[in-house]
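In the UniProt record's numbering, the protein residues as written are 24 to 366.
Quick reminder that beta carbons are idealized off the backbone N, C-alpha and C, glycines included.
Here is the structure we will look at, set down as structure tokens.
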Ligand code: PBG
């Protein structure tokens, strides 16, 4: 066998003992590797974020997110059909609200005919079997790009913002959203939204809490996609989490579960897999991660620079989420990865 094939020059060298256990044995062939794989990726692991914009037959590439575009509702419906055909179970929708519909208080979030609601209704009508997850936060609707309401000092106030978010969530649920995903990081919003969903006839609408969402430098391309980057003054550090913290993430998750979250999310993804693993070890709740825009852009840039092979980078990073304990992952690579896996 191959282990006997010593080069002649090495014949005088002998190990004191040969290994009693050879972990390489099960790695030697493709069939054996497949048989011993501890985790598997499938299209059902992916939630695909889609950016929606006004108009008909409009497709706007996003420069900082190569390969990703904003689509008008009709084209978003076409993307939904492709996703369903590839076995992707759920889409995450984000609106690029037109400038004249943005305001200080983000009231457009409550408009039953806003872009988000139009997209929900059109996709539900055309592709009823795909799930729709909708983001709850005011940043695509405010002129200042913050996720909530500001006081005179520019501080994002908590409780008045929660009232707005409850209205936003009810508006999305009424339009047909399946999973409400609050990404705003206000205290108490999961309980308030859960209670409102129950009392307003949406008992079966799920909540996936962005439970541990960090104040991250990886959100830049997303903010381009929803046109909030240029509007945003300052940062989101007084509500999103400090990247230094991990125990605090467990407290956030515990609160969101107690308040009625059906599942929790960690965001960003790859730099925070330690948080995923800790959450998974501490709670019996489905954990999702968001491989965010800056991570996507980083992988695309690495592949374009020749640092690695794109498809392999994509699948390896997605497998890392499964290994860390994720039930699924929000990723801009969802359709591409699903098609790779479908062969
Ligand atoms: C809005 C929101 C953000 C993302 C998802 N929802 C940006 C932010 O918090 O500033 C980022 C997603 C991504 O970068 O892909 N609350």
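Measure the C-alpha to C-alpha separation of residue 94 and residue 361 and round it to an integer number of angstroms.
20 Å
Is residue 247 close to the ligand PBG? I mean its beta-carbon at under 7 Å from any heavy atom of the ligand.
no
Count the other CB atoms within 10 Å of the CB of residue 114; is the residue buried (16 or more) or exposed (fewer)?
buried
Assigned exposure category for residue 319 - 16 Cβ within 10 Å defines buried:
buried
Beta strand (DSSP E) runs contained entirely in the region 53 to 113, provided each spans 3 or more residues
69 to 76, 82 to 84, 92 to 95
Could you name the residues that DSSP lists as bridge partners for residue 434?
Here the chain has residues from 24 to 366 only, and residue 434 is not among them.
Inside the region 199 to 284 only - alpha helix (DSSP H) runs reaching at least 4 residues
212 to 222, 243 to 248, 270 to 281
Own chain, CB closer than 7 Å to residue 313, minus 5 neighbours either side, in chain order
288, 290, 291, 292, 353
Would you call the region 101 to 118 and the region 66 to 76 in contact, with 3 or more CB pairs under 8 Å?
yes
Report the residue from 132, 322, 216 whose alpha carbon sits nearest the alpha carbon of residue 355.
322
Between the C-alpha atoms of residue 246 and residue 199, what's the straight-line distance to the nearest angstrom?
25 Å
Within 7 Å: the Cβ of residue 170 and any heavy atom of the ligand PBG?
yes
I'd like the span of the alpha helix (DSSP H) that includes residue 132, first residue to last.
Looking at the DSSP string, residue 132 is not in any alpha helix (DSSP H), and its letter there is neither H nor E.
Beta-ladder partner(s) of residue 173, from DSSP:
179
For residue 160, three-class secondary structure by DSSP:
coil
Between the CA atoms of residue 207 and residue 172 - distance to the nearest angstrom:
11 Å
Do you know how far the Cα of residue 241 is from the Cα of residue 366?
31 Å
If you measure from the CB of residue 160, is any heavy atom of the ligand PBG nearer than 7 Å?
yes
Exposed or buried, residue 160, counting other C-beta atoms within 10 Å across all chains shown (16 or more means buried)?
buried
Check whether the Cβ atoms of residue 276 and residue 235 sit closer than 8 Å, and answer yes or no.
yes
How long is the line joining the alpha carbons of residue 127 and residue 230, rounded to whole angstroms?
26 Å
For residue 211 and residue 180, what's the separation of their Cα atoms in angstroms?
12 Å
Counting only the same chain and skipping the five closest in sequence on each side, list residues whose C-beta sits under 7 Å from that of residue 285.
229, 230, 231
Can you look up residue 151 in the DSSP assignment and give me helix, strand or coil?
coil
Using the three-state DSSP reduction, which class does residue 195 fall into: helix, strand or coil?
helix
Look at the alpha carbon of residue 398 and the alpha carbon of residue 205, and state the distance between them as a whole number of angstroms.
Outside the modelled stretch of the chain, which goes from 24 to 366, sits residue 398, for which no answer is possible.
Hey, quick one: how far does the alpha helix (DSSP H) through residue 319 stretch, first residue to last?
316 to 327
Please identify the residue among 76, 190, 330, 280 whose C-alpha is closest to the C-alpha of residue 121.
76
Exposed or buried, what is residue 166 when buried is set at 16 or more other beta-carbons lying within 10 Å of its beta-carbon?
exposed
I want to know whether the region 127 to 146 touches the region 254 to 269 - three or more CB-CB distances under 8 Å.
no
Nearest candidate by alpha-carbon position, reference residue 282, set 135, 221, 196
221
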